[in-house]
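Those protein sequences? They're chains A and B, same order as listed.
So in the numbering used here, spot 36 of the first sequence is number 36, and the numbers just go up one at a time.
Basically the numbering used here = 1-based index in the second sequence + 1000.
2 protein chains.
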Amino acid sequence: MSRGRLITLEGGEGAGKSTLLAGLHAHLEAHGVALVLPLPREPGGTDLGEAVRAMLLDHAFRGMSPEAELLLMFAARAELVRKVIVPALAAGRWVLCDRFTDASYAYQGGGRGQPAARIRELERWAALDLQPDLTFLLDLSVEEGRARRSGRGDADRIESEEDAFFERVRAAYRARVAEEPQRFRVLDARAPAAAVLDAACAALRPLLEDRGA
Amino acid sequence: MSRGRLITLEGGEGAGKSTLLAGLHAHLEAHGVALVLPLPREPGGTDLGEAVRAMLLDHAFRGMSPEAELLLMFAARAELVRKVIVPALAAGRWVLCDRFTDASYAYQGGGRGQPAARIRELERWAALDLQPDLTFLLDLSVEEGRARRSGRGDADRIESEEDAFFERVRAAYRARVAEEPQRFRVLDARAPAAAVLDAACAALRPLLEDRGA
Chain A
1 MSRGRLITLE GGEGAGKSTL LAGLHAHLEA HGVALVLPLP REPGGTDLGE
51 AVRAMLLDHA FRGMSPEAEL LLMFAARAEL VRKVIVPALA AGRWVLCDRF
101 TDASYAYQGG GRGQPAARIR ELERWAALDL QPDLTFLLDL SVEEGRARRS
151 GRGDADRIES EEDAFFERVR AAYRARVAEE PQRFRVLDAR APAAAVLDAA
201 CAALRPLLED RGA
Chain B
1001 MSRGRLITLE GGEGAGKSTL LAGLHAHLEA HGVALVLPLP REPGGTDLGE
1051 AVRAMLLDHA FRGMSPEAEL LLMFAARAEL VRKVIVPALA AGRWVLCDRF
1101 TDASYAYQGG GRGQPAARIR ELERWAALDL QPDLTFLLDL SVEEGRARRS
1151 GRGDADRIES EEDAFFERVR AAYRARVAEE PQRFRVLDAR APAAAVLDAA
1201 CAALRPLLED RGA
């Protein structure tokens, strides 16, 4: 039995992550891939992680220090990696995850100014240095992301940040792509949802063909 | 105005921390010390920290990874240091804290096996490398601690650990004392409460006389 694959989806608010996740979920199942369900999300994906998520998104903790935010994110991730992702990959199952460590480089690093070296060190021991096999980045300008979100309900603690914060997040995501271009597939979130999904499925083809099935 | 002082109290379960804290609180107030009230406790002491504390002590999270536990402890500590302790010390107030970073070396280090170097690194950036001016360690054998606790209500997630865990905790506390004997005052928890308090107050005298008041 071959090892499973870790596929992660990253992107700013309003970029269409939920729609793409649903499409990828259907595509992978149609190809006979055994996926971990429900699809894990970050922060979250475990009982502890979901409890941490509720704290991270709660407006009551608006003044949370960037250091506490970073530590909470990695506490949730430490659980997710050990309790869900690593056992699943070892059992040959695939994991399609709504955000992963790249999001900490983008949000807690770019957004909140936590040093990349600090995040890297946490990635090593708290997240077992686990690297995705493929990462999709849904890229969208901050203005368009804000316009798309405006029709939704109340924004959470992080969604309520100002534009400059999301500009830094976007720049940090792009810097990640520049560092590891072979791992990332950047998708233009302005394209029609079907075109975005087609591009993502094309990028998955080599992994699907590589299963030896 | 002189900088305030950080006094911490450490020790295993059932060692008499609460009684000693109450006595030290009264003693310091009788000497005109402006204390942060309520006395901070770890994990806790801020809104976020108390929410994290509830998670850490909850039996629902019995299988929490040692890494997640360590990260949650420092998330709470990062908040406490920045929101409570550092501002108070700068304003000339004293902080009498029920446990601090030594407890992570003892519980997450000795008890759970997290490397001391990892804790040291978190102490540097998450806890701003803040060191107590004086630390009391209420020392008690694991057997006696267990006997004293037996009359209380239900034990929380950490109190429910086995004896070997608490032996490692005690050994790690003693190792901390050996590394920084000038900062610690070890108190024999088997002594009568009044004698323990007298010994602690004697150790506080130089700090009280040093106020220049």
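Ideal Cβ positions, reconstructed from N, Cα and C, are used throughout, including at glycine.
From a predicted model like this one, the values you see are computed outputs, not experimental measurements.
Between L122(A) and A1075(B), the alpha-carbon positions lie close to 13 Å from each other.
Around the CB of A1078(B), 16 or more other CB atoms lie within 10 Å, so the residue is classed as buried.
Beta bridge pairing from DSSP links I1119(B) with no other residue. Counted as a single uninterrupted DSSP element, the beta strand (DSSP E) harbouring F1136(B) occupies residues 1134-1139. For L1048(B), the nearest beta carbon of chain A is closer than 8 Å to its own beta carbon. Where L28(A) is concerned, there is no enclosing beta strand (DSSP E), although the alpha helix (DSSP H) around it starts and stops at 17-30. DSSP places G1004(B) outside both helix and strand once states are collapsed to three, so it counts as coil. When DSSP states are grouped into helix, strand and coil, V186(A) belongs to the strand group.
R1176(B) is not a Cβ neighbour of D1129(B), given a cutoff of 8 Å. Taking 4 residues as the shortest admissible run, the segment 50-116 of chain A contains the following complete alpha helix (DSSP H) segments, listed from N- to C-terminal end: 66-80, 86-90.
The way I'd put it, the segment 144-153 of chain A doesn't touch the segment 1082-1094 of chain B; fewer than three beta-carbon pairs between them come closer than 8 Å.
For chain A, the residues of the segment 1071-1104 of chain B that bring a beta carbon within less than 7 Å of one of its beta carbons are L1071, L1072, F1074, A1075, A1078, E1079, R1082, in chain order.
Neighbours of A1068(B) in chain A, taken as residues at a C-beta separation under 7 Å, are given in chain order as L48, A75, A78, E79. Beta bridge pairing from DSSP links E1010(B) with L1137(B). Counting only the Cα atoms, D1188(B) lies some 10 Å from G1016(B).
Going by beta carbons, L140(A) and G14(A) fall inside the 8 Å limit. When rounded, the separation of the alpha-carbon atoms in A1051(B) and G1044(B) is 8 Å. Per DSSP, L39(A) has no beta bridge partner at all. Burial is judged here by how many other beta carbons sit within 10 angstroms of a residue's own beta carbon; P38(A) has fewer than 16 and is exposed. For the pair S1065(B) and L1134(B), the Cα-to-Cα distance works out to about 31 Å. For I119(A), the CB contacts under 6 Å within the same chain, skipping 5 residues up- and downstream, are S104, Y105, G109 in chain order. A Cβ-Cβ separation of about 12 Å leaves C201(A) out of contact with H25(A) under the 8 Å criterion.
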